[in-house]
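Please read the structure below before turning to the comments.
As structure tokens, then:
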């Protein structure tokens, strides 16, 4: 959402703000709060690329796993986020705090 906001601001030369109770952002994504287990989520990178992932372990646990993988920065990591970080010579940053849920499977068993 933040990427879309910046693009619109730049293209239209305007400043967008989100305000309560009708946040535009709430129409596009869901909060990471709650007991969601099976979700598809998105994490923006500072280089304007985006990581899209899926988890069945819960979004909070998955964000912790991503943060640990990025902080550990292992050369043989199978994390696409770590590989991207290394390929870009550590110029990029994925902020798991900016992640949001794209889709949630409510009846996952």
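Numbering (this note's numbering), first residue to last: 74 to 182. We treat Cβ as the ideally placed atom computed from N, Cα and C, and that holds for glycine. For clarity, every value in this text was computed on a predicted model and none was experimentally measured.
Closest residue to residue i among the options (Cα-Cα distance)
i: residue 168; options: 148, 151, 137 and 159; result: 137
i: residue 170; options: 87, 80 and 134; result: 134
i: residue 117; options: 177, 165, 148 and 176; result: 165
i: residue 176; options: 86, 85 and 127; result: 127
i: residue 111; options: 129, 120, 124 and 173; result: 129
Residue i classed as buried or exposed, judged by whether at least 16 other C-beta atoms fall within 10 angstroms
i: residue 132; result: buried
i: residue 152; result: buried
i: residue 104; result: Any reading at residue 104 needs caution, since the residue's pLDDT is 49, under 50, leaving its predicted position unreliable; the model's value is listed next. Its Cβ having fewer than 16 others within 10 Å, residue 104 is exposed.
i: residue 163; result: exposed
i: residue 113; result: exposed
i: residue 155; result: buried
Element boundaries [beta strand (DSSP E), containing residue i]
i: residue 125; result: 123–128
Backbone secondary structure at residue i - three-state DSSP
i: residue 177; result: strand
i: residue 143; result: helix
i: residue 115; result: strand
Boundaries (first-last residue) of the alpha helix (DSSP H) holding residue i
i: residue 69; result: Residue 69 lies beyond the residue range present for the chain, which begins at 74 and ends at 182; the question has no answer from this structure.
i: residue 77; result: 75–85
contact_flag[the region 80–88, the region 137–147] where n(CB pairs < 8 Å) is 3 or more: no
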